[in-house]
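In this text, residue positions in the sequence shown follow the working numbering: the first is 2, and each later residue adds one.
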Amino acid sequence: MLLELQLNVKRGEALSLLVLMQTFEFVFCVHLMKDILGLTTELSQALQRRDQDIVNAMKLVQLSKNRLQDMRSNGWDNFLDVVSSFAVKYDIDIPNMDERFVPQGRSRRNVHEFTNLHHYRVDMFYTIIGKQLQELNNYMRSDDEFLSVKGITRLVKKLVERRKDGIYPLVYKLLKLTLTLPIATVSVQRAFSAMNIVKSKLHNKMRNEWLNDCLLTYIKSELFEQTDSDVITERFQNMRT
């Protein structure tokens with residue numbers, strides 16, 4: 002009994018979905034989604050690549066904006082013809098665009114006073130494309146913040162703050178190397194110079210641990226000079242006990 006009831010519920014849900022998929026509004030939405038994704042597919046694929054550079058990404062954002070704007074300004078008539086042709090091919094009822102719009106399942110008494118043309122053209126076609134354009138504008142606006150950044154250090158900080166270091170990992174690594182290499186190079190040169198002095202012919206059998214300790218005290222001698230010798234003596238005495 003319970004199993005039969007569950008099957009009836011699932012049949013009812015499947016029937017409701019089937020009825021919905023055979024409506025003009027569903028066909029309209031699917032075609033609109035397909036066309037928008039087609040116009041922005043290059044940008045979507047580019048942003049998913051880890052080796053994407055900022056300049057190329059900005060070009061694709063602008064290209065996608067131009068395509069969407071052209072579709073919004075000049076594509077309505079052609080889009081409606083394509084959707085209507087699809088509906089005719091599969092025997093889907095096409096609403097009269099001049100009649101008052103009535104949402105599915107609603108009474109004609111409790112509906113807003115606007116036509117089907119207004120619903121499909123303004124509330125759906127223009128609005129959905131407009132939201133996509135707004136997203137791209139927000140993306141470009143966030144990247145425009147980088148134009149006012151001065152200095153590599155601030156640029157790295159801005160990348161992390163805007164969470165762009167994950168989107169452009171190669172750029173982020175290159176900037177980090179640019180910042181760290183000069184310091185690392187100087188440190189390595191100082192270490193080799195100190196090693197030639199500390200590890201002389203008389204101390205050529207020094208083990209790594211002892212060599213590291215000697216190099217540390219030599220290279221960072223300015224820090225050890227600021228430390229009171231009594232403090233060091235007391236520390237070693239405490240280590241013995």
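Built from N, CA and C at the ideal position, the CB exists for glycine as well.
### Query
I think L33 touches I93, with their Cβ atoms under 8 Å apart; what is that distance to the nearest whole Å?
Not quite, the Cβ-Cβ distance comes to about 15 Å (not below 8 Å), so this is no contact.
### Task
Note the first and the last residue of the continuous alpha helix (DSSP H) segment covering E26.
Segment F25 to Q49, the alpha helix (DSSP H) holding E26.
#### Entry: CA-to-CA distance, N139 to E162, given in whole angstroms
Roughly 16 Å separates the two Cα atoms.
### Query
Where does the unbroken alpha helix (DSSP H) through D78 begin, and where does it stop?
Segment W77 to K90, the alpha helix (DSSP H) holding D78.
### Residues sharing a beta bridge with R101, DSSP
According to DSSP, R101 bridges with T116.
### Query
Between the C-alpha atoms of K174 and N67, what's the straight-line distance to the nearest angstrom?
C-alpha separation (whole angstroms): 32 Å.
#### Entry: Other residues of its chain near K87: CB distance less than 8 Å, five sequence neighbours each side excluded
Looking at the sequence shown, residue 87 is not Lys but Phe. Excluding residues within five positions, the ones whose Cβ falls inside 8 Å are V28, H32 and I93.
#### Entry: Beta-carbon gap between L40 and V62 smaller than 8 Å
L40 is not a Cβ neighbour of V62, given a cutoff of 8 Å.
#### Entry: Whether L118 touches D99 by CB criterion (8 Å)
Taking a C-beta distance under 8 Å as the contact criterion, L118 and D99 qualify as a contact pair.
### Message
Once DSSP output is grouped into helix, strand and coil, what is the label at D229?
### Response
In this structure, D229 counts as coil in the three-state DSSP scheme.
### Task
Put Q96 into one of helix, strand or coil per three-state DSSP.
According to the sequence shown, residue 96 is Pro rather than Gln. Looking at P96 - three-state DSSP - the assignment turns out to be coil, as it is neither helix nor strand.
### Query
S74: which of L134, Q46, H120 and V232 sits nearest, CA to CA?
The residue among L134, Q46, H120 and V232 with its C-alpha nearest the C-alpha of S74 is L134.
### Query
Leaving out the 5 sequence neighbours to the left and right, which residues in its chain are closer than 8 Å to S85 when beta-carbon positions are compared?
Non-local C-beta neighbours of S85 in its own chain, meaning closer than 8 Å and more than five positions away in sequence, comprise I95, ordered along the chain.
### Query
Is the CB-CB distance between A58 and L48 below 8 Å?
Against a cut-off of 8 Å, the Cβ pair of L48 and A58 comes out as a contact.
### Message
In this structure, how does DSSP classify G131 when only helix, strand and coil are distinguished?
### Response
Helix.
### Task
Evaluate K16 with the Cβ neighbour count: other Cβ atoms within 10 Å of its Cβ, from every protein chain shown; 16 or more gives buried, anything less gives exposed.
The amino acid occupying residue 16 in the given sequence is Leu; Lys does not appear at that position. So L16 counts as exposed.
### Simplified DSSP state of R68, which is helix, strand or coil
Reduced to three states, the DSSP call for R68 is helix.
### Task
Classify F274 as buried or exposed, calling it buried when 16 or more other Cβ atoms lie within 10 Å of its own Cβ.
In this structure the chain extends from 2 to 242, so residue 274 is not present and cannot be described.
### Message
Residues in the same chain with beta-carbon distance under 7 Å from Q23, minus the five sequence neighbours each way, listed in chain order, please.
### Response
I93.
### Task
Would you identify the three-state DSSP class for R164, choosing helix, strand or coil?
Here R164 sits in coil by DSSP.
#### Entry: Cβ separation of V157 and K177, assumed to be a contact under 8 Å, to the nearest whole Å
Indeed, because the Cβ distance is near 7 Å, the residues count as touching under 8 Å.
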